[in-house]
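If you're matching them up, the sequences are chains A and B in order.
Taken in order, the first sequence gives residues 1 to 778; the numbers are from my numbering.
Taken in order, the second sequence gives residues 1 to 520; the numbers are from my numbering.
Glycine included, each C-beta is placed from N, C-alpha and C at the ideal position.
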Amino acid sequence: MNKIVDNIIAEKGTSVDAAIPILQAIQAEFNYLPEEAMQRVCDITEISPARLYGISTFYTQFRHKAVGKHIIKVCVGTACHVKGAMRVYDALRRELNLKDDEDTDSDDLFTIDKVACLGCCTIAPVVQIDNTTFGHVEPGKVSEILEEFLASDDNPAGENSYIVEQNKHTDGEIRIGLGSCCIASGSSDVKLELEKSLKANKTNVEVKQVGCVGICNQVPLLEIHKHGETPYFYTKIKADEVNEIIRKHFKSKNLLTRLKTDISGFINNYVINGIPRSVMKYSSERDDTPVSEFLNGQINIATEHRGFLKPNDIVEYKKLGGFEALKKCLTQFSRDEIIDTIKESGLKGRGGGGFYTGLKWQLVKDTKSEIKYVICNGDEGDPGAFMDRMLLESYPFRIIEGLIISAYAVGANKGLFYIRAEYPLAVKRIKEAIYYCEKENLLGDNIMDSGFSFDMKVFEGAGAFICGEETALIASVEGNRGLPRMRPPYPAEVGLWGKPTLVNNTETFSVIPWIIRNGAAAFSNIGTENSKGTKVFALAGKINRGGLIEVPIGITIRSIVEEIGGGIPNGKAFKAVQIGGPSGGCIPASLADIPIDFNTLSEAGAMMGSGGLVVLDEDDCMVDIARYFLAFTQDQSCGKCTFCRVGTRRMLEILNKICSGKGQSGDIEILEKLAHSTKKGSLCGLGSTAPNPVLSTLRYFKHEYLEHIEGKCPTGKCVELIEYLIVEECIGCTLCAQDCPTDAIAFKPYELHIVENELCIKCDICRQVCPVNAVIIK
Amino acid sequence: MINLKINNTSIQVPTGTSVLKAAEQIGIEIPTMCFYEGFTNHPSCMVCLVKDTKSGKLHPSCALPAEEGMDIITEDNEIISARKEALELLLSDHVGDCEAPCRQACPAAIDIPKMNRLIAQGKFDEAFVIAKEELAIPLILGYICPAPCEKVCRRTQVDEAVSICSLHKFVADIDIEQKNFYLPTKEKESNKNVAIIGTGPAGLSCAFYLLRLGHNVVLFDKNTEAGGALRYEILNKELPNSAIDSEIGTLQNYGAEFRLNTEITKELFENELKKGFDAIVIAMGDFDKSNLHKFGFENGKYGISINKNTFEINQDGVFACGNIIRSRRMAVTSVAQGKATAWSVNQYLNGIKPEKKHRMFNSKFGKLFSEEIEEYKKETIPDKRIILENGKLGNFNNAQAITESTRCMRCDCRKPTTCKLRNYADEYSADRRKFAFGERKKVKKHFQHKLIVYEPEKCIRCNLCVDISTKEKDTLGFSSIRRGFDVEISIPFNKSIKEIFNRTAEKCANACPTGAISLK
């Protein structure tokens, strides 16, 4: 073991700031952090045991106990939460026979873990086993998922590319989105099948792997572009349907295969006929399709060339105007002119705080120092948000370009990408993109012969929401626990290693090249009086068309929900949107006509935050939503300030009390007062915004709190306040009895079934399997 | 230099000065817990919050740099309420007893653990000083007290209570045997005269404390001998007359004058007592309560009606305590009332409106969990309780007293007066139960180090000890682990506290704002 650790240290270094990378490498090797390895690190590096131990227990990525062969991560992000993630988690625990204090099964095959957000909100609830992601998981289907995973264990989905023979005329192009959600929805399998099929048919078509298309609700999605023909979208494709689609659009070059495919195609069609098909085909010219409705009303600045750009193709990026902005900056603009342009554009930081980007740049530029840093904050941690992941995965060059421009403007020569380790694809694509940029002299010494030199590297965050806060992020890069510190001094003056440091959010960097190319006015023409440009939102929850959207600031909540998102599924009523994640709040449907900008949202008790937008319907309990976010923030608090460390826990306890029917009069008042004190008495943004979900639900949905105190959960979400009941519609099919994990329903074929409430654990499986909706919640 | 205003006072400070330090310069004291000289930018406790009037926001003053033109307020309702709430949150996560349960249960509030420790060290005379501090008649009560302290003694969860009652009797006996006849130094003579009617436990106790406060005391009793109920109601075989005589003798030596065989009539009361004395204390337990109205006393449900906080009755300068206000089973209650009455009388004599003596804030927690019993056993001996043949009449020999007192588990905090959490909780009248929603954490105690004791559940996570041991490069030092509510100041790699501190242990104990790290 020592040898392995020594090799890791030889690569990562022995200084204090190497602590996190060293621990990550050790864990990658052993799947956890063996104590012996930790000791070894302390013995031969400058890192003290106190520090190493402090770090390894601070970040959730690190495990101190050996784990099973496979790791099951149950996403408990907001979108997954409202779609029943906890029931899935409980079902998996039952399936694995885990006792209360265990997380690994007796065969050491699976270890189960909850994760804050996998960023696949549109296919919630989501479970990830090792690198395979399962979407739309139902508690009753968990055993099938485990079986399916074990069966396909030797056959992992890859990202290998099918390469068209160079310089050959192609018959067309097939685009497939390969963002993380797409892959989770089976896009990799579709792509493999596509390549197999193309090869077999000898079809000369280019398969182009593009970034996130944004229409996450319709994936896997294929776009077929054929010379001289209207492009077509195919949505929700399954791998076994690929061959047929190909055959329809492209004639096989191989006569024999063509015959064969014709015959088997005929048989296939014959067999498939009559079975409802999930695949839908839409022409790109029609505007009443789900795809076009979803795309209408969006403006693509951060997501420019969406669904078209191949993420790691620098040639294509350049062809489409990439790095022109950088060239312009290096050759035509003075540093002040760049900063003035950004100031004039009115751009505010997209990470949540909403500070003017131009001003921030100015501060860093004005601070005198030989060494300065710029950092791209990609530590997106909001449960229910995946904008940064999608931007990093899909537009790595654009973000790098924005970063180089900022570095030039403020006079920094070193840059850093801080990206969550939970986003492996984003890390990989950014690393690749940095490599290409270095090769093309877009990074390194004397960029484009301008005399300006700039280097950058990637730092992988180890799992701590608080590290999205800039001073905590810096602490973590320096090899510390991610504790925020008092500002002032701001990082613009005293930042990384005490040097002036510019920290901007991923989305902020991604709009910079566009602003430079198109001018400040083009950007400031979009938006409202005090908030300019566009904002990327992750639209998820109870919505027909969830996905990643970029909309002009000032759009109303209603347009997003009803027009872009296509309204609420299953005819349910729209109740509220949760905007801004754990720092944000719930805005009720009655205020859906307010135009969204930084000010209106905070006036309404929410926050732009980083852009999570989770839609809630009539079935969602607002007390439960408040409790959900409090549970998140109290878990993610760094534990420094009293109000955040203890206060959020006490608020959570009060909410637990209320949700379990033990609430008393007076609890709401204590909760509200504590929420206000916590807002006032916390040092950083996490603590001072943590009470927002509580305060906003108290503001708009106080009656639900009061009903809980009276012992009723009006939406039937709080398990301790509800009972399951089977009504007369029951046809006696026994499905509920078969699936009930606790035998709370006895088999009574063709008779009315009865739930024995003493045994019922409220897993909801009976209600989900009942074919005639005879199971109700009382 | 920077110009700013604090509480409307203009002040000039060098750049880089914190608002806390700036306020200090003009004599404004702001409470701090996590602040320690030499460690800047360390805000975590949020007890030092102040308000920036321009933004209306609260900031921790210890880390807030003074800025040109700042206008700071260090106290208003919002600030006080926020500080109080911060303290209440800290208290909700602070498991420890400021004072031991025995002391809290004792009506007279003797510092029992301290007395026990002194006995255990063989310092019997010092132990007697502690007993006498709060209990005027430790010998008498040693015979007859039903000992509520022993009922709550945490040792009962291990085996049996420590024989506290017999221990204070033991030190009182030693005092007499060795002819020390210890008496506390009196305060400056006031030349005020107080008449005390009745020489039972309440009267004797009241007399002792009034004498100590510098007043002259005359005790009246209708009987031929002093002692009241102690002598005339309790059987001699339970409480020998020699014990009563001995403690009354001590009181006489201290300056008390006894006028026996004196029945208090209305005339005597009005003509002699009211005119001849500056204050009167009615402390005769067995007075016929139907006669009270003759004296013009207001008769309440149980006896003379009094102000519960001050023991004043409806006549100026007249006080009442003991069974005449309400019949109680325990003599120690009367003793405690006598002491409290002396406190009120003293204020009255000094021309101050009497107020109840403030009882310091006490953090406390209930029964020990079984795991915790093991922690408490670390600081005691396994010996069983020593039961004397004659029970309370019996006497410990020195060795027995030492063994018995060593059985004490030291439930009291090691920093009862220097703990900032206690002092501020007291100052801000914090409610320790306000946020008691969750399951309480389990007490752990680390004793291995020769100088310090570490009790993690008293910690407020200020991290000063981590910073001190890191900055001064101690062997290993503490490590701050985990995050959020689960942050803990822990000892890395399952080592013992002995192995991690070499030089900074003492400094950490002194810097620690609570009793989490304390000197042994």
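Close to chain B, meaning a Cβ-Cβ distance shorter than 9 Å, are the following residues of the stretch 612 to 639 of chain A: T633, Q634, D635, Q636, S637, C638 and G639. Counting only Cβ-Cβ distances below 7 Å, D71 (chain B) has no contacts in chain A at all, with the closest Cβ about 17 Å away. The residues A85 and K114, in chain order, have a CB closer than 6 Å to that of V76 (chain A) in the same chain once the five nearest residues on each side in sequence are set aside. Looking at the backbone, the Cα of V466 (chain B) and that of S15 (chain A) are separated by about 20 Å. Within the stretch 30 to 47 of chain B, the residues whose Cβ lies closer than 7 Å to some Cβ of chain A are N41, P43, S44, C45 and M46, listed in chain order. Residue contact check for F58 (chain A) against chain B: a CB pair falls below 8 Å. For Q578 (chain A), the three-state secondary structure derived from DSSP is strand. Nearest CB-CB separation between L49 (chain B) and chain A: below the 8 Å threshold. Chain A places no beta carbon closer than 8 Å to that of D288 (chain B), leaving this residue out of the contacts. Note on geometry: alpha-carbon atoms of K495 (chain B) and F485 (chain B) lie some 23 Å from one another. Note: Q128 (chain A) is bridge-paired with A:K73 and A:T133 in the DSSP secondary-structure output. Spanning the alpha carbons of H168 (chain B) and D426 (chain B) requires a straight line of approximately 30 Å. Each of B:A172, B:D245, B:L260 and B:E187 was checked against the Cα of G198 (chain B), and the nearest Cα belongs to B:L260. Interface criterion not met: the Cβ of C121 (chain A) is under 8 Å from no Cβ in chain B. DSSP places V427 (chain A) outside any beta strand (DSSP E); the residue lies instead in the alpha helix (DSSP H), whose first and last residues are P424 to K439. For K778 (chain A) and E707 (chain A), the gap between their C-alpha atoms comes out near 14 Å. In the pairwise beta carbon analysis, the stretch 152 to 166 of chain B is classified as touching the stretch 399 to 414 of chain B: at least three pairs are separated by under 8 Å. Scanning A:G119, A:D103 and A:P34 for the CA closest to the CA of I112 (chain A) turns up A:D103.
DSSP, reduced to helix, strand and coil, places C586 (chain A) within a strand of the structure shown.
Contact of Y53 (chain A) with chain B by beta-carbon distance below 8 Å involves S479, I481, S490, P492 and F493.
Shown here, H94 (chain B) sits in coil according to DSSP, grouped into three states, outside any helix or strand. In its chain, beyond the 5 residues on either side, A283, C321, G322, S334, Q337 and G338 have a beta carbon closer than 6 Å to the beta carbon of A202 (chain B). Under DSSP, Q39 (chain A) forms no beta bridge with any residue. When secondary structure is reduced to three states using DSSP, F437 (chain B) falls in the coil class, being assigned neither helix nor strand. In the DSSP assignment, T111 (chain A) falls within the beta strand (DSSP E) that extends over F110 to V115.
Residues of the stretch 455 to 466 of chain B with a Cβ closer than 9 Å to any Cβ of chain A, in chain order: I460, R461, N463 and V466. With a cut-off of 8 Å on Cβ pairs, the stretch 288 to 298 of chain A is in contact with the stretch 557 to 569 of chain A, counting three or more such pairs. Taking a Cβ-Cβ threshold of 9 Å, the residues of chain A close to P65 (chain B) are M486, P488 and P489, in chain order.
Interface with chain A (8 Å Cβ-Cβ cutoff): F170 (chain B) is excluded.
For S696 (chain A), the CB contacts under 7 Å within the same chain, skipping 5 residues up- and downstream, are G585, C586, G605 and A606 in chain order. For S394 (chain A), the closest Cβ of chain B is not nearer than 8 Å. In this structure, A505 (chain B) lies away from C459 (chain B), with their beta-carbon atoms at least 8 Å apart.
A184 (chain A): member of the alpha helix (DSSP H) spanning S180 to A184, first to last residue.
Membership of D617 (chain A) in the beta strand (DSSP E) is indicated by the continuous run G612 to D617. Linking A184 (chain A) to T235 (chain A) through their CA atoms gives a straight-line distance of about 15 Å. Scanning its chain for C-beta atoms nearer than 7 Å, with the 5 sequence neighbours on each side dropped, one finds around V158 (chain B) the residues I373 and K377, in chain order.
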